[in-house]
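K.L.:
Can you read through this structure? Questions will come right after.
In the numbering used here, the protein residues as written are 5 to 661.
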């Protein structure tokens, strides 16, 4: 689907579930053994076929092959060196028999002459195609040239499929697509879609995908979500391993709508105009040991030019669920062991609050795999407001486990220099739910879920560069210290430029700025004044003076207090103080923990006994259940007006573990 802010969609779906599910966190084995990536396939000798025909093969001479019977089952055809054509008809194509094999000699080219739509079509099973160059075919938008009808059991190896309209290649169940050059095709290199959504056990290994989407469909049909190196629709079980995916005019690898059980491993994904990997309204995937660099420069810059800061990413998860109820080799979305270098952004995990089964905001006609892809009408009011439909009618973006990756970012190296207002972001966020009227997910429901309720975790990663984090909503862009702090609790065990960032203080006051006393205000029987000189640190401090010979108090004027408190977290509260005018009375510093409405849940008192030299007063307290804010007061009794004391360097910050 098309990614927009918020995300709009297009789609397909249904899937056949199967496979085994190890416990969460178990190692995930490849479904099919694959070879080491050869990377530079295009133009390499690996694409050269045998110089002599296999025994018993039908030899197909160069030239016009429209009169050759290429339909026989269980027959091997050997295409001699030279250019082969299939006639001038729009639908002139090879319709293979079951179990047929097509092999090209070195330099054998099957050319559609920009006249034929398809090279290989219809629904034969067990077809093998090797060592051919297939070019010049003009499949329509969303259709493909090779295996046009998504036949099952095909093996497509060591071919060059280039300069065709539409998709170079379609796929069916148990297809093995290995060692091919898929280059400069009009829409996709590979479009893995089959009517009825029955693709299982797909292998895409050691291919080179480059320069695809030459017809720039995303700009021809804005919102089509129909471009890139490879696209998968409702595939249940796929190994995408060892491929070099580069320079495509759109995303590199895109799995869209009710895919499940993907292994995306050991790929080199670089220099694609849009996202490196896009996993969308789909389930259960391992994205492991890939090198992903310099992706999304074009799409990121396009957003930035419009003033749109939505975080274009190297890896984008949009309503992607780790879901134990859908059988797979894992029950998570696990992203581990990858190297991400100088992409426009890092990893964005996003959930559109308005996008769920049967919502008008989701243009896919398919429902979730839990409810059943064709059972869309079940997700209607009022039933959707209660369980189990409340949970089952959404793709939530949940059970995402991002660990042991390396994230490197240098803004000067991205697209000739990018503004960090737009680039270098990680993200875990949603939008404010507004639509439709009967949606049970309005307001901050999904924002709170994706951040705090869906088991989404970054941890044990390595960062270099000025990374920032967008969290909960687009308006919250934070530094690593806040990201790792108690409010969000992310990236435990991770390092940032070789160190661990300290969570920032809830509040810090050094009284160095101007002469203001804010947020301090006299409550009763007291005066408050800014002092210059004689401070504990720097030049500024705050002086509190008794203005009557009885009780006095100073409070904060920022009701309901400072935000960012996390219930159950320990905080260190500290300040420095001293006598300013003798004789300083005994002062009580009352730290008040409040809920979001401003109700005081508990007060913790710290005593400030008379000290003539600067002295630290401190305490460590655990924020009570329900606390989200904190403020404080100073209360004392003096025998007469005049005594005063100074405070400086006030701080409330998470306590060190």
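Yeah, the Cβ is synthetic: ideal placement off N, Cα and C, and Gly gets one too.
For the region 155-175 and the region 187-199, state whether three or more C-beta atom pairs, one from each stretch, are separated by less than 8 Å.
P.N.:
Because the criterion of three Cβ pairs below 8 Å is met, the region 155-175 and the region 187-199 touch.
K.L.:
Under 7 Å Cβ to Cβ from residue 616, same chain only, skipping five residues before and after it: list those, please.
P.N.:
Along the chain shown, one-based indexing puts residue 616 at 612. Result list for residue 616: 582 and 583, in chain order.
K.L.:
Closest to residue 279 by C-alpha separation, out of 261, 269 and 251, would be which residue?
P.N.:
Sequence index remark: in the chain shown, residue 279 carries index 275 (1-based). Here the closest residue by C-alpha is 251.
K.L.:
According to DSSP, is residue 574 part of a helix, a strand, or is it coil?
P.N.:
Residue mapping note: residue 574 aligns to position 570 of the chain shown, counting from 1. Three-state result, residue 574: strand.
K.L.:
For residue 161, which of helix, strand or coil comes out of DSSP?
P.N.:
Taking the first residue of the chain shown as 1, we reach residue 161 at position 157. Looking at residue 161 - three-state DSSP - the assignment turns out to be strand.
K.L.:
Assuming residue 348 contacts residue 418 under a Cβ cut-off of 8 Å, what Cβ separation, rounded to an integer in Å, is found between them?
P.N.:
The sequence position of residue 348 within the chain shown is 344, counting from 1. The sequence position of residue 418 within the chain shown is 414, counting from 1. With a Cβ gap of about 6 Å, residue 348 and residue 418 count as contacting.
K.L.:
Alpha carbon to alpha carbon, how far is residue 172 from residue 254? Give it in angstroms, no decimals.
P.N.:
For the purposes of this step, residue 254 is identified with residue 250 of the chain shown, where counting begins at 1. For the purposes of this step, residue 172 is identified with residue 168 of the chain shown, where counting begins at 1. The straight-line gap from Cα to Cα measures roughly 15 Å.
K.L.:
Of the choices 651, 262, 102 and 258, whose alpha-carbon is the least far from that of residue 542?
P.N.:
The residue given as residue 542 occupies position 538 in the chain shown. Among 651, 262, 102 and 258, the Cα nearest to that of residue 542 belongs to 651.
K.L.:
Is it buried or exposed for residue 649, if we count other Cβ within 10 angstroms and need 16 for buried?
P.N.:
Start at 1 with the first residue of the chain shown, and residue 649 comes out as number 645. Label assigned to residue 649: buried.
K.L.:
Across the region 566-577 and the region 472-491, are there enough close Cβ pairs to call them in contact, namely three or more that are closer than 8 Å?
P.N.:
Flag = yes, the region 566-577 and the region 472-491 touch.
K.L.:
What runs of the beta strand (DSSP E), each 3 residues or longer, lie entirely inside the region 498-571?
P.N.:
List check, beta strand (DSSP E) in window: 511-513, 524-528, 530-536, 544-550 and 555-560.
K.L.:
Excluding sequence positions up to five away, which residues of its chain have a Cβ less than 8 Å from the Cβ of residue 644?
P.N.:
As a working note, residue 644 is residue 640 in the chain shown. 550 and 553, listed in sequence order.
K.L.:
What does a CB cutoff of less than 6 Å around residue 626 pick up in its chain, not counting 5 residues either side in sequence?
P.N.:
Taking the chain shown and counting its residues from 1, one reaches residue 626 at position 622. Around residue 626: 574.
K.L.:
Tell me which same chain residues have a C-beta within less than 8 Å of the C-beta of residue 144, skipping the five on either side of it?
P.N.:
Residue mapping note: residue 144 aligns to position 140 of the chain shown, counting from 1. Only 121, 169 and 170 meet the Cβ criterion.
K.L.:
Measuring CB to CB, does residue 358 end up less than 7 Å from residue 514?
P.N.:
Here residue 358 corresponds to residue number 354 of the chain shown, with the count starting at 1. Here residue 514 corresponds to residue number 510 of the chain shown, with the count starting at 1. Not closer than 7 Å, so no.
K.L.:
Quick check: the region 377-392 against the region 425-439, are there 3 or more CB pairs under 8 Å?
P.N.:
The region 377-392 is not in contact with the region 425-439.
K.L.:
Excluding sequence positions up to five away, which residues of its chain have a Cβ less than 7 Å from the Cβ of residue 642?
P.N.:
In the chain shown, counting from the first residue as 1, residue 642 sits at position 638. Once the five neighbours on either side are set aside, the close Cβ partners of residue 642 are 550, 553, 556 and 589.
K.L.:
Helix, strand or coil, according to DSSP, for residue 219 in the structure here?
P.N.:
Residue numbering aside, residue 219 sits at position 215 when the chain shown is read from its first letter. Residue 219 falls in the coil class under three-state DSSP.
K.L.:
Excluding the 5 residues flanking residue 189 on each side, which residues of the same chain have their C-beta closer than 6 Å to its C-beta?
P.N.:
The count along the chain shown starts at 1 and reaches residue 189 at position 185. These residues qualify, in order along the chain: 168, 172 and 216.
K.L.:
Pull up the CB-CB distance for residue 733 and residue 276, whole angstroms please, since I reckon it's below 8 Å.
P.N.:
The structure shown does not extend to residue 733, since the chain spans only 5 to 661, so no value can be given for it.
K.L.:
Assuming contact is defined by CB atoms lying nearer than 7 Å, are residue 298 and residue 341 in contact in what I supplied?
P.N.:
Residue mapping note: residue 298 aligns to position 294 of the chain shown, counting from 1. Residue mapping note: residue 341 aligns to position 337 of the chain shown, counting from 1. No, the Cβ-Cβ distance between residue 298 and residue 341 is not below 7 Å.
K.L.:
May I have the straight-line CA-CA distance separating residue 263 from residue 609, to the nearest angstrom?
P.N.:
Within the chain shown, residue 263 is the residue found at index 259, counting from 1. Within the chain shown, residue 609 is the residue found at index 605, counting from 1. Taking the straight line joining both Cα atoms gives about 56 Å.
K.L.:
Measure how close the beta-carbons of residue 406 and residue 482 come, nearest whole angstrom, since I'm counting them as under 8 Å.
P.N.:
Counting from 1 along the chain shown, the entry for residue 406 is found at position 402. Counting from 1 along the chain shown, the entry for residue 482 is found at position 478. So it is not a contact: roughly 17 Å between Cβ atoms.
K.L.:
Quick one: grab the DSSP three-state call for residue 331.
P.N.:
The residue you call residue 331 lines up with position 327 of the chain shown. Of the three classes helix, strand and coil, the one that applies to residue 331 here is coil, per DSSP.
K.L.:
Determine the burial state of residue 89: buried for a count of at least 16 other Cβ atoms within 10 Å of its Cβ, exposed for fewer.
P.N.:
To locate residue 89, count along the chain shown from 1; it is residue 85. Residue 89 comes out buried.
K.L.:
Mind checking whether residue 315 and residue 352 have CB atoms under 7 Å apart?
P.N.:
Translated into the one-based positions of the chain shown, residue 315 becomes position 311. Translated into the one-based positions of the chain shown, residue 352 becomes position 348. The answer is yes: Cβ separation under 7 Å.
K.L.:
Using C-beta distances below 7 Å, list every residue in its chain close to residue 480, excluding the 5 sequence neighbours before and after it, in chain order.
P.N.:
Taking the chain shown and counting its residues from 1, one reaches residue 480 at position 476. Once the five neighbours on either side are set aside, the close Cβ partners of residue 480 are 474.
K.L.:
Just the Cα atoms here: how many angstroms apart are residue 402 and residue 660?
P.N.:
Numbered from its first residue, the chain shown carries residue 402 at position 398. Numbered from its first residue, the chain shown carries residue 660 at position 656. Their backbone Cα atoms lie some 30 Å apart in a straight line.
K.L.:
For residue 396, which residues in the same chain have their Cβ closer than 7 Å to its Cβ, ignoring the five residues on either side in sequence?
P.N.:
Working through the chain shown from its first residue, we reach residue 396 at position 392. Here the set comprises 372, 374 and 375.
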